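Peer 1:
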Amino acid sequence: MRIIFMGTPDFAVPTLTGLVAQGHDVCAVYSQPPRPGGRRGLGLTKSPVHRHADAFGLPVRTPSSLKSEDEQSAFRDLEADAAVVVAYGLLLPEPVLEGTRRGCFNGHASLLPRWRGAAPIHRAIMAGDRESGVMVMKMDTGLDTGDIALEDRTPIGPDTTAGELHDALAQLCADLMVRAMAALERGSLTLSRQPDEGVIYAKKIAKDETRVDWLRPAEVVHNHIRGLSPVPGAWCEMRFDHKWERVKLLRSRLAKIEQSHAAGSVVTDNARIQVACLEGAVELLALQRAGGKPMPAADLLRGARLMDIR
Numbered sequence: 002m003r004i005i006f007m008g009t010p011d012f013a014v015p016t017l018t019g020l021v022a023q024g025h026d027v028c029a030v031y032s033q034p035p036r037p038g039g040r041r042g043l044g045l046t047k048s049p050v051h052r053h054a055d056a057f058g059l060p061v062r063t064p065s066s067l068k069s070e071d072e073q074s075a076f077r078d079l080e081a082d083a084a085v086v087v088a089y090g091l092l093l094p095e096p097v098l099e100g101t102r103r104g105c106f107n108g109h110a111s112l113l114p115r116w117r118g119a120a121p122i123h124r125a126i127m128a129g130d131r132e133s134g135v136m137v138m139k140m141d142t143g144l145d146t147g148d149i150a151l152e153d154r155t156p157i158g159p160d161t162t163a164g165e166l167h168d169a170l171a172q173l174c175a176d177l178m179v180r181a182m183a184a185l186e187r188g189s190l191t192l193s194r195q196p197d198e199g200v201i202y203a204k205k206i207a208k209d210e211t212r213v214d215w216l217r218p219a220e221v222v223h224n225h226i227r228g229l230s231p232v233p234g235a236w237c238e239m240r241f242d243h244k245w246e247r248v249k250l251l252r253s254r255l256a257k258i259e260q261s262h263a264a265g266s267v268v269t270d271n272a273r274i275q276v277a278c279l280e281g282a283v284e285l286l287a288l289q290r291a292g293g294k295p296m297p298a299a300d301l302l303r304g305a306r307l308m309d310i311r
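Residues 2 to 311 (this note's numbering) make up the sequence shown, in order.
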């Protein structure tokens, strides 16, 4: 089929790769415009999808908006059978949604209608969900409200991080979208409405919610850490000797501290960092000091004396 692909981050790359591998005619790739990058922000950095499209020799368009009549006309003039949208980052106006023969199909990383919106992977783990998945929907003008074409599910382990779930769902999305486009081409793709119950929105992660609050139960703290790992990263402040530093927390697990400690108390030995919470405790397994590289807790303790945490 003649397909327009629309995507921007790493998450979308496996789907583009899968469509190309299946022999579809990807007539255009839409991605977010290049952004300032490099050491001093002097150059422009293309998105992961843009770079892979270049490698495949595919034409790339990078409009900052699809609201203009010129952009909408250019989209229609591609005369595509369908558009595949995965983490594109721009709203698609109705003329774009209606600008292909068979519609626009979105791969969304949640079990809709749970976690509609911008950050479904982070929110699922932060909420302690035990299952996630990908749904392919035919897009309409609502926010992730389209009819469902295909779905697949995967468990979320008790220590799974957002980064690990991201990678698993990216491949799941690619496999599912390839199946969806094959069924669309055969004329066998069926659609079903999303349930009216269970709608939850996955709002974008705000900076002010990334700091760890030790006055919460250990399970909530653990889910918070793994739900934000590795990006944007949960963090706290640690005092090494007499200096407080901001430290990113990348991996943790639930722990047991034998004696009773107030929430926020840190218990360390030469290899472990455990922190008491409102209920229970967490062990910090991997951390990253400002300007440094991620490291196991034991390595951090060998290089610095941890005095306190907040």
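Even glycine gets a Cβ: it sits at the ideal position worked out from N, Cα and C.
All figures in this text were calculated on a predicted structure; none of them were measured in a lab.
If you compare alpha carbons, which of N107, K244, E210, S111 is closest to M178?
Peer 2: It is N107.
Peer 1: Looking at P121 and Q195, is the spacing between their C-beta atoms short of 9 Å?
Peer 2: no
Peer 1: DSSP state of D26, grouped into three classes?
Peer 2: strand
Peer 1: Any contact of the segment 258-266 with the segment 162-174, i.e. 3+ C-beta pairs under 8 Å?
Peer 2: With the cut-off at 8 Å, the segment 258-266 and the segment 162-174 do not touch.
Peer 1: Restricting to Cα atoms, I'd like to know which of S193, L192, P159, R154 is closest to D176.
Peer 2: R154
Peer 1: Given R180, which residues of its chain have a CB within under 7 Å of its CB, disregarding the five upstream and five downstream residues?
Peer 2: L151
Peer 1: The beta strand (DSSP E) with S253 in it runs from where to where?
Peer 2: Residues 244-256.
Peer 1: Buried or exposed: D242, going by 16 or more other Cβ atoms within 10 Å of its Cβ?
Peer 2: Within 10 angstroms of the beta-carbon of D242 lie fewer than 16 other beta-carbons, which makes it exposed.
Peer 1: Return the bridge partner residues of L288 from the DSSP annotation.
Peer 2: L250, M296
Peer 1: When you compare the CB positions of G281 and L255, do they come within less than 9 Å of one another, or not?
Peer 2: Cβ distance < 9 Å, so G281 and L255 count as in contact.
Peer 1: With a 10 Å radius around its C-beta and 16 neighbouring C-beta atoms as the bar for buried, classify W245 as buried or exposed.
Peer 2: exposed
Peer 1: Less than 9 Å between the beta carbons of I1 and W215, yes or no?
Peer 2: For residue 1 there is no data in the structure shown, the boundaries of the chain being 2 and 311.
Peer 1: What's the gap between the Cα of E259 and the Cα of A219?
Peer 2: 15 Å
Peer 1: Please report the distance separating the alpha-carbon of S193 from that of D141.
Peer 2: Roughly 13 Å between the two C-alpha positions.
Peer 1: From what residue to what residue does the beta strand (DSSP E) around S133 run?
Peer 2: It spans 132-139 - the beta strand (DSSP E) in which S133 sits, taken as one unbroken run.
Peer 1: Just to confirm the assignment, what range does the alpha helix (DSSP H) spanning R227 have?
Peer 2: 219-228
Peer 1: Under DSSP, the alpha helix (DSSP H) around V179 begins and ends at which residues?
Peer 2: Where V179 is concerned, the enclosing alpha helix (DSSP H) stretches over 163-187.
Peer 1: Under 8 Å by Cβ, that's how I've got M127 and H53 pegged, so tell me the actual separation to the nearest angstrom.
Peer 2: With a Cβ gap of about 30 Å, M127 and H53 do not count as contacting.
Peer 1: Output needed for E186: all residues of its chain with C-beta closer than 7 Å, excluding positions within five of it in sequence on either side, in chain order.
Peer 2: M2
Peer 1: H51 and P37 - do their beta-carbons sit closer together than 9 Å?
Peer 2: no
Peer 1: Could you pull the DSSP bridge partners for P37 from this structure?
Peer 2: L45
Peer 1: Between G228 and H123, is the Cβ-Cβ spacing less than 9 Å?
Peer 2: H123 sits close to G228, with the two beta carbons spaced by under 9 Å.
Peer 1: Tell me whether G19 sits in a helix, a strand or coil according to DSSP, three-state version.
Peer 2: Helix at G19.
Peer 1: Suppose you measure from the CA of R290 to the CA of F76; what does that come to, to the nearest Å?
Peer 2: 46 Å
Peer 1: For G100, which of A171, G129, D130, I5 has the nearest alpha-carbon?
Peer 2: I5
Peer 1: List the whole-angstrom C-beta distance separating S253 from L279, where the pair is believed to meet the contact cut-off of C-beta under 8 Å.
Peer 2: In fact, because the Cβ distance is near 15 Å, the residues do not count as touching under 8 Å.
Peer 1: Taking only the alpha-carbon atoms, compute the straight-line gap between I149 and K205 and give it to the nearest angstrom.
Peer 2: 23 Å
Peer 1: Could you tell me the distance, in whole angstroms, from the CA atom of D209 to the CA atom of G234?
Peer 2: Each residue's alpha carbon lies about 12 Å from the other.
Peer 1: If you check the beta carbons only, do S32 and T9 fall under 9 Å apart?
Peer 2: yes
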